[in-house]
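Q: Position 119 of the sequence shown, counting from 1, maps to 488 under this note's numbering, and the rest follow consecutively.
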Amino acid sequence: MENFTNEIIDTKQLPKFEEVQLTALHPKYWYEIIINTTVVFLVLGIILGVVWYKSDEFATSAIYFIIAYFVILIFSFLLKRIGFNKKGYAFRNHDVIYRSGIIATNTMVIPYNRVQHVALHEGFISRYFGLAKVEIFTAGGSSSDIEISGIEKEEAENIKQLLMGKIQKQL
């Protein structure tokens, strides 16, 4: 019979995911973000403009409405740019790392042995720029655990093949 041991692990000697060099999202993804945000703000601006035009306060509040709309628009683009710059990913021998967040940084580390399913998606605008999104699913959830958007399509396909190979080895 084996002797049971339960040694203490020196947590200072564990590898640090913070030191991993993450890959930034493809620069063309920023253009996709600009287009998507612009479309949303155009539609929102048209709807609000029509509602506001039909109201009794049209003439007196026009300048305030326009200023507020553009301040929110600029603030939105600023936040999206900061978020774009903070996102990154890395694939290591045993896990995948994804970092995101604007105010608080969220770093997810998922070991390959937890990956259940991988999906690759291309939206209309993503396809135009040659980009794709990789979604990584683990057990116990109906939505993906990690969504990495803004990856060149060829690289996204390679990532999907890598992860599918890791899943097959587990079976």
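All residues carry an ideal CB built from backbone N, CA and C; glycine is no exception.
1. So, do the segment 405–421 and the segment 430–447 have three or more beta carbon pairs nearer to each other than 8 Å?
2. Hey, how far is the Cα of G492 from the Cα of V440?
3. Which first and last residues belong to the beta strand (DSSP E) in which T507 is found?
4. Across the segment 479–488 and the segment 388–401, are there enough close Cβ pairs to call them in contact, namely three or more that are closer than 8 Å?
5. What are the start and end residues of each continuous beta strand (DSSP E) run of 3 or more residues lying completely inside the segment 371–418, in chain order?
6. Identify whether I472 lies in helix, strand or coil by the three-state DSSP scheme.
7. In this structure, what does DSSP give as the bridge partners for M477?
8. Anyone know if the C-beta pair for K455 and R468 falls short of 8 Å?
9. Tell me where the beta strand (DSSP E) around E516 begins and ends.
10. Tell me, to the nearest whole angstrom, how far the beta carbon of E401 is from that of S495; I am working on the premise that it is less than 8 Å.
11. Looking at the strands, I want to know which residues DSSP matches up with V484.
A: Per the coordinate set shown:
1. Contact between the segment 405–421 and the segment 430–447 is present, because at least three Cβ pairs lie under 8 Å.
2. Position 123 of the sequence shown holds residue 492. Position 71 of the sequence shown holds residue 440. If you take the alpha carbons of G492 and V440, they lie about 29 Å apart.
3. Taking the sequence shown and counting its residues from 1, one reaches residue 507 at position 138. That run of the beta strand (DSSP E) goes 500–507.
4. no
5. With a minimum length of 3 residues, no continuous beta strand (DSSP E) run stays inside the segment 371–418.
6. Mapped onto the sequence shown, residue 472 falls at position 103. I472 falls in the coil class under three-state DSSP.
7. Taking the first residue of the sequence shown as position 1, residue 477 is located at position 108. M477 is bridged to Y467.
8. As a position in the sequence shown, residue 455 is number 86, starting the count at 1. As a position in the sequence shown, residue 468 is number 99, starting the count at 1. Closer than 8 Å, so yes.
9. The count along the sequence shown starts at 1 and reaches residue 516 at position 147. Taken as a continuous stretch (DSSP letters only), the beta strand (DSSP E) holding E516 covers 515–521.
10. Within the sequence shown, the letter at position 32 stands for residue 401. Within the sequence shown, the letter at position 126 stands for residue 495. With a Cβ gap of about 6 Å, E401 and S495 count as contacting.
11. For the purposes of this step, residue 484 is taken as residue 115 along the sequence shown, with counting starting at 1. Partner(s): T507.
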